[in-house]
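Protein sequences appear in the order of chains A and B. Counting along the first sequence from 1, when you hit position 164 you're at 164 in the numbering used here, and nothing is skipped either side. In short: position in the second sequence from 1, add 1000, done, that's the numbering used here. For each residue, glycine too, the CB sits at the ideal point set by N, CA and C. As structure tokens, the structure follows; a few thoughts come after it.
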Amino acid sequence: MWKRPWLEVLIGLLLVLGGCRPQETSPVRPLEVQVAAAADLRYAFETLRERFEAAYPNIRLKISYGSSGQFFAQLRNGAPFDLYFSADADYPRRLIAEGLAVDSSFFLYAVGQLVVWVPLDSPLELASWDELAEPAVRRLALANPRHAPYGRAAVAALQVLGLHERVRDRLVLGENVAQAAQFVASGAADAGIIALSLALAPEMQRRGRYRLLPSDAYPPIKQGAVVLRRAAIRPEVWALWRFVQQPEGRAVLRRYGFFIPDSTAHADGKPWTGLPPG
Amino acid sequence: MDWTAAWVTLRLALWTTGILCVLGLPLAYWLATTRFPGRGVIEALVTLPLVLPPTVVGFYLLVATAPERPIGQMLAAIGIDRVAFTFPGIVLGSVLFNLPFAVRPFTAAFQSVERRLVEAAWCLGVSRWRAFTGVVLPLAWPGILTGLVLSFAHSLGEFGVVLMVGGNIPGVTRTLSIAIYDEVQALNYAAADRMALALVGFALGVLTLVYLLERKGLRR
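Below, the structure is given as structure tokens:
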């Protein structure tokens, strides 16, 4: 038989549980920085996060990884990120031009490199790039060139190497370069053109091998970062912005195969004033 | 296990179910008891999310709720100044997308209530509201519960609309299904596995509950 109290209990429970929020009134809530990071930074930034949070125990980094172009579109629509690490220099500059990012916050934090990556059991020896057009490569994974800088660089490299027409029908496009890496690491694709920073991660090294593509085969992947205007008055955002440019942050990026541009916007060792520059 | 994502997911499912209960029950009762020319269109609209790709629902939601549009301004008036990349935004998307999962079982449940019993209650001098709570609700209860449980379970696993409207923001819009997607991209299969298993186990439990309830409803 039906017992009416059940209905009230259920509805009451839904309203109570649905309405409550965790720890929002806790007095010692750590400061949070919402970071939008290009997918090639996925492993490097996990290490960077550990170092940063050790140096600044009261700041927590909340990092989302994705394709730079998608973040650009989201940021233009008001996505709540504080700091944006793109895989190119163009998207951050356009955010500045649109008045969404702080002009003086732009800096090049890394130059990325491309590799061809194959699983451990692949018949490919990677002795010559023509191997990519062999029948053994039924699926070649790239990031989507429409919104991922690494995808654009990979297509440029294929064109320079004279392979693009030959492999065009076999390309599988990841939403971002980390998904392209996952396609090939899982064996769904036979080879992939991905970021060196991903290939150097232990998760990838366990599963395959890679060879660097010649750096003259594609335009240099200059990666720029900006602070979003909505976050410009928050010192914790600038703490991360500075950390990436300091020796400790740069060492992490270097470890993941990035070249570090010498002329970052602001030199190391400049005292932190607590105020945004400019 | 990403407990932050689990908490976001649970809150999303509870809000979705709660709102669907408040909005869906009157809508379903109206659909079940009223005859009018445009009814088919309304029913089609309610069922539409069932056949539409979530990307379509998400896309229209983003376009319709842009701050310069009327719906965006209406939402701003009730304190939701932005739908994209916010928790209220994914609740809104989830409510729209789960509408058929709640309203269709509700409607079927109300339709199955013997009309004569309701009319008999009216003839006995009971108010319409008392007849509804004392006769209709008890009889339609298993179907209503089915609708609530189904929409709750379905919104736990919602992916497309949440990704489209919410992005992938930890602690705000990253639900378990999106955390799984994220962990797979990070080649962290162990973490993805744990969360996927939790969702499978939960969904199986919920569906078993639904069928047990349905059987109970039939037996009566």
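The Cβ atoms of residue 1031 of chain B and residue 1039 of chain B sit closer than 8 Å to each other. Residues of the region 125 to 159 of chain A with a C-beta less than 8 Å from any C-beta of chain B: none at all. An exposed status is given to residue 1119 of chain B, since fewer than 16 other beta-carbon atoms sit within 10 Å of its beta-carbon. With a threshold of 8 Å between beta carbons, residue 1132 of chain B makes no contact with chain A. Residue 1158 of chain B counts as buried, since no fewer than 16 other beta carbons sit within 10 angstroms of its beta carbon. Inclusion of residue 132 of chain A and residue 191 of chain A in the CB contact set at 8 Å is warranted, their separation being smaller than that value. Interface with chain A (8 Å Cβ-Cβ cutoff): residue 1184 of chain B is included. Assigned with DSSP and collapsed to three states, residue 1160 of chain B falls in helix. Runs of the beta strand (DSSP E) lying entirely within the region 115 to 200 of chain A and spanning at least 3 residues, in chain order: 140 to 143, 171 to 174, 191 to 195. Taking a cut-off of 8 Å for Cβ pairs, the region 1089 to 1098 of chain B and the region 1015 to 1026 of chain B touch, as three or more such pairs fall below it. If you draw a 10 Å sphere on the C-beta of residue 206 of chain A, you find fewer than 16 other C-beta atoms in it, and that means exposed. Taking 9 Å as the Cβ-Cβ cut-off, the region 164 to 176 of chain A approaches chain B at 174, 175, 176, given in chain order. Interface annotation, residue 205 of chain A: not in contact with chain B, CB-CB separation never under 8 Å.
For the 8 Å CB-CB criterion, residue 109 of chain A and residue 225 of chain A form a contact.
For residue 32 of chain A, same chain residues with a beta-carbon under 6 Å away, outside a window of 5 residues either side, are 60, 62 in chain order.
Within the region 1069 to 1090 of chain B, the residues whose Cβ lies closer than 8 Å to some Cβ of chain A are 1082, 1084, 1085, 1086, listed in chain order. Rounded to whole angstroms, the separation of the alpha carbons of residue 1169 of chain B and residue 1012 of chain B is 14 Å. Residue 258 of chain A and residue 197 of chain A do touch by the CB rule: their CB atoms are close to 6 Å apart, below 8 Å.
Taking all protein chains in view, the Cβ of residue 250 of chain A is crowded by 16 or more other Cβ atoms within 10 Å, so the residue is classified as buried. In the displayed model, residue 246 of chain A falls within coil according to three-state DSSP, outside both helix and strand. When DSSP states are grouped into helix, strand and coil, residue 60 of chain A belongs to the strand group. Inter-segment contact for the region 234 to 248 of chain A and the region 1134 to 1142 of chain B is absent: fewer than three beta-carbon pairs are separated by less than 8 Å. Judged by DSSP secondary structure, residue 1006 of chain B falls within the alpha helix (DSSP H) whose first and last residues are 1003 to 1033. Across the structure, residue 1174 of chain B and residue 1167 of chain B are spaced so that their CA atoms are roughly 8 Å apart. Cβ-Cβ distances below 6 Å link residue 91 of chain A to 68, 72 in the same chain, with the five nearest sequence neighbours on each side left out; the list follows chain order.
Between the region 228 to 237 of chain A and the region 78 to 90 of chain A, the count of Cβ pairs shorter than 8 Å is three or higher; the stretches touch.
When secondary structure is reduced to three states using DSSP, residue 1071 of chain B falls in the helix class. Judged by DSSP secondary structure, residue 1099 of chain B falls outside any beta strand (DSSP E) and instead within the alpha helix (DSSP H) spanning 1087 to 1111.
Within a 10 Å sphere around the beta-carbon of residue 1074 of chain B sit fewer than 16 other beta-carbons, which makes this residue exposed. Cβ contact annotation for residue 1021 of chain B (same chain, cutoff 8 Å, sequence separation greater than five): 1102, 1148, in chain order. Residues of the same chain with a CB within less than 6 Å of the CB of residue 153 of chain A, apart from the 5 flanking positions on each side, are 114, 218, 221 in chain order.
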